[in-house]
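Sequence order for the protein chains is P and R. Mind the numbering: the first sequence is residues 4 to 250 in this note's numbering, read in order. Mind the numbering: the second sequence is residues 61 to 382 in this note's numbering, read in order. Data block below; observations after.
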Amino acid sequence: MSAPASLPVRILNQGRYEAVMMLRNGEQLILAVVLPLLAMVALVVTPLLDGYGTSRINMATPGIFALCAMSTAFTGQGIATGFDRRYGVLRYLSTTPLGRAGLIAGKVIAVLAVLLIQVVLVSVVALLIGWRPELSGLVPALLQLFLGAIAFTALGLLVAGTVRPEATLAITNLLWILLAAAGGIIIPVGHLPSLLQPFIEVLPSAALGDALRSALIDSQFNISATLILLAWTILGGLGAVRWFKWS
Amino acid sequence: MQVPIDEPCLTIKGLIKDCGPVAGLDGKMIRVLAGVDFTARRGSVTALLGANGAGKTTTLECAQGLQPINGGEIRLLGQDPYRADAHLRSRVGVMLQDGGLPPSARPVALLEHVARMYESPRPVAELVERLGIRSFANTGIRRLSGGQKQRLAMAAALIGRPEVLFLDEPSAGLDPQSRQIVFELIEELRAEGLGIILTTHLMDDAQKLADYVYIIDAGKTVASGTVAELTSATGQQAEQRLLTFDAAPGLDVAGLAYGTLQHLEVTEAATGHYAVRGALTPRDLAALAGWWAEMDILPSSVHMASRTLEDVFLDLSGRTIR
Numbered sequence: 004m005s006a007p008a009s010l011p012v013r014i015l016n017q018g019r020y021e022a023v024m025m026l027r028n029g030e031q032l033i034l035a036v037v038l039p040l041l042a043m044v045a046l047v048v049t050p051l052l053d054g055y056g057t058s059r060i061n062m063a064t065p066g067i068f069a070l071c072a073m074s075t076a077f078t079g080q081g082i083a084t085g086f087d088r089r090y091g092v093l094r095y096l097s098t099t100p101l102g103r104a105g106l107i108a109g110k111v112i113a114v115l116a117v118l119l120i121q122v123v124l125v126s127v128v129a130l131l132i133g134w135r136p137e138l139s140g141l142v143p144a145l146l147q148l149f150l151g152a153i154a155f156t157a158l159g160l161l162v163a164g165t166v167r168p169e170a171t172l173a174i175t176n177l178l179w180i181l182l183a184a185a186g187g188i189i190i191p192v193g194h195l196p197s198l199l200q201p202f203i204e205v206l207p208s209a210a211l212g213d214a215l216r217s218a219l220i221d222s223q224f225n226i227s228a229t230l231i232l233l234a235w236t237i238l239g240g241l242g243a244v245r246w247f248k249w250s
Numbered sequence: 061m062q063v064p065i066d067e068p069c070l071t072i073k074g075l076i077k078d079c080g081p082v083a084g085l086d087g088k089m090i091r092v093l094a095g096v097d098f099t100a101r102r103g104s105v106t107a108l109l110g111a112n113g114a115g116k117t118t119t120l121e122c123a124q125g126l127q128p129i130n131g132g133e134i135r136l137l138g139q140d141p142y143r144a145d146a147h148l149r150s151r152v153g154v155m156l157q158d159g160g161l162p163p164s165a166r167p168v169a170l171l172e173h174v175a176r177m178y179e180s181p182r183p184v185a186e187l188v189e190r191l192g193i194r195s196f197a198n199t200g201i202r203r204l205s206g207g208q209k210q211r212l213a214m215a216a217a218l219i220g221r222p223e224v225l226f227l228d229e230p231s232a233g234l235d236p237q238s239r240q241i242v243f244e245l246i247e248e249l250r251a252e253g254l255g256i257i258l259t260t261h262l263m264d265d266a267q268k269l270a271d272y273v274y275i276i277d278a279g280k281t282v283a284s285g286t287v288a289e290l291t292s293a294t295g296q297q298a299e300q301r302l303l304t305f306d307a308a309p310g311l312d313v314a315g316l317a318y319g320t321l322q323h324l325e326v327t328e329a330a331t332g333h334y335a336v337r338g339a340l341t342p343r344d345l346a347a348l349a350g351w352w353a354e355m356d357i358l359p360s361s362v363h364m365a366s367r368t369l370e371d372v373f374l375d376l377s378g379r380t381i382r
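In structure tokens form, the structure reads like this:
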């Protein structure tokens, strides 16, 4: 008599499998680790962030965490899901005991696992450079980073589940560059053209960057940024549930 | 819920499925399935036969719970497959037409991954051995041949010891050796009591493997029965026969069919190869031989058979493979 493995076993198994696939993929690794670290170094050696915060590294690091979340949850996960959809992998796995919900849960776990590795790496490098975060802001920052990762996962799934994988590749990479440069993620909204500020403020990138900066620099819980992230999570999630095509 | 052993493992009644919106049709929905009936039992191979585009894969995807349906009813092991829980899914093995295998994965690693989704999976080593996967056990899936991918997809479908096995075009892309391996395994699994449901557009496969055949055309079930029933065409139709003979090309078959043999269909199917279809009687054979004598024809071969599944299929789907 055939029986499924238990739900946690199935989901953790899928999460581990997808995390290993992500870490084995060279392009994903560049996106997830190399580019954020390069961005951090660039922000420390250039005067881009001068005038804000206590030091360049203290100002840069929260934004780099946010960038890591966007790399893994939105661009990396989106592209992988898009191609899995093309190759029928989503359909096949949803016929196994894993199922559709288990497949999504596995992806979320993989994103969180890779993000954890990114956060540890970035933290170590930042601390070596001289990063001194507000300790009381660490727990809120982790919670907000978690929320941001979920929001970007939902948005990545929405893109991957509705357009061709080539389009997903183009859209998520382009948005990564645009949002990294001018989405308020590593360069605070206040540094960007004032005409665009009201629009940029409500982007998930700016909300996550602002929330982490508030927590780690000023040890404040940024309520409006958290609410914006929550709204994107709900919108992205509902959109993905409504429009995600499995084949 | 345990379904009694003689109960069908899959029942489809009046299945309706709309797809779309289709860009080329002003965003209208198109009716892909317009009344498919299908029943499969344990310990037997049931084939869904149809031309490309007839709706075979869509029917299977609905039965596997991959697509919601627009009408009719599907019961897979007594349950609605679209709402299947993990317990139901663990009892059903699926091999998709395109495999559904991640191209960057490696065969054995993938099988081990899928095996962890089940409480007591079939040992990976056993399947690797049985399906001849060892020689490409660690080759990236994107570099495998069509036949190798098919065998791997079959292993993945079997790993959870399913009671019901769906195989969408199992012989597509198979070299003769892979085909032998896969066909033997299907017969073995049938003997173990699995309910096996497969689609094919190859008549030979259906004739060789299937205990029961459903023919669908344009999204509807148009005939069903055992291969013997379908090809002997009992019921209203008189015994259908197919007589073929080889002789000089360009004979006046129209003249032949015009006379005493006008209830038969006589065609020159290929150059010098003639086919006589219909309810052939001994008297018709005499008439045919009389015509040969009259025309001074000595056929180089004469062969008579009951209809093949292919004849049945061609009759039902308008004599064209679309």
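All C-beta atoms, glycine included, are put in the ideal place defined by N, C-alpha and C. Predicted model, so just to flag it, every value in this text is computed and none were measured.
For Arg167 (chain P), the closest Cβ of chain R is not nearer than 7 Å. The Cβ atoms of Leu106 (chain P) and Leu96 (chain P) sit closer than 7 Å to each other.
Taking a beta-carbon distance threshold of 7 Å, Arg135 (chain R) does not count as an interface residue toward chain P. Scanning its chain for C-beta atoms nearer than 8 Å, with the 5 sequence neighbours on each side dropped, one finds around Val122 (chain P) the residues Phe68, Cys71 and Leu148, in chain order.
DSSP, read as helix, strand or coil, puts Met155 (chain R) in strand. When only Cα atoms are considered, Gly81 (chain P) and Ile190 (chain P) end up about 24 Å apart.
Ranking R:Ala307, R:Ala270 and R:Met263 by CA distance to the CA of Ile256 (chain R) puts R:Ala270 first. If only uninterrupted beta strand (DSSP E) runs of at least 3 residues are considered, none is enclosed by the stretch 178-220 of chain P. In the structure shown, Phe196 (chain R) adopts helical secondary structure according to DSSP, grouped into three states.
Thr286 (chain R) has its alpha-carbon roughly 21 Å from the corresponding atom of Arg337 (chain R). Interface flag for Val92 (chain P) against chain R is set, since a Cβ pair is found closer than 7 Å. At a beta-carbon threshold of 7 Å, none of the residues of chain R lie near Arg245 (chain P); the nearest stands roughly 14 Å away. The stretch 138-153 of chain R makes no contact with the stretch 185-204 of chain R: fewer than 3 CB pairs, one atom from each, lie closer than 8 Å. In this structure, the alpha-carbon of Glu289 (chain R) lies about 10 Å from that of Leu369 (chain R). In the structure shown, Ile82 (chain P) falls within a helical segment according to DSSP collapsed to helix, strand and coil. Out of R:Glu172, R:Leu218 and R:Trp351, the CA that lies nearest to the CA of Ala314 (chain R) is found in R:Trp351. In chain order, Gly18, Arg19 and Ala22 place their CB closer than 8 Å to the CB of Ala116 (chain P), counting only its own chain and leaving out the 5 sequence neighbours on each side. Remark: C-beta atoms of Val184 (chain R) and Glu172 (chain R) approach each other more closely than 7 Å. Residue contact with chain R for Asn225 (chain P): absent (no Cβ-Cβ distance below 7 Å to any residue of chain R). The beta carbon of Ala234 (chain P) lies closer than 7 Å to none in the same chain, with the five residues before and after it left out.
With a threshold of 16 other beta carbon atoms within 10 Å, Gln210 (chain R) meets it and is buried. With at least 16 other beta carbons inside 10 angstroms of its own, Val114 (chain P) counts as buried. Residues are counted here when their Cβ sits less than 9 Å from a Cβ of chain R; for the stretch 93-105 of chain P these are Leu93, Arg94, Tyr95, Leu96, Ser97, Thr98, Thr99, Pro100, Leu101, Gly102 and Gly105, given in chain order.
Using beta-carbon distances, Ala8 (chain P) counts as an interface residue toward chain R, with a partner under 7 Å. The continuous alpha helix (DSSP H) containing Tyr318 (chain R) extends over residues Val313 to Tyr318. Chain-ordered, the chain P residues with CB closer than 8 Å to the CB of Val152 (chain R) read Thr98. Taken through DSSP and simplified to helix, strand or coil, Gly95 (chain R) comes out as strand. With a contact defined as Cβ atoms closer than 8 Å, Ile275 (chain R) and Phe373 (chain R) qualify at about 6 Å. About 7 Å separates the CB atoms of Pro7 (chain P) and Met177 (chain R); that is less than 8 Å, so the two are in contact. Under a 10 Å Cβ-count criterion, Met364 (chain R) is classified as exposed, with fewer than 16 other Cβ atoms of the shown protein chains found around its own Cβ.
Listed along chain P are Thr98, each with a C-beta nearer than 8 Å to that of Gln124 (chain R).
Proximity of Arg89 (chain P) to chain R, defined by a Cβ-Cβ separation below 7 Å, is not satisfied. Only residues of its own chain outside the window of five on either side were considered, and among them Gly140, Pro143 and Ala144 have a CB closer than 6 Å to the CB of Ala218 (chain P), listed in chain order.
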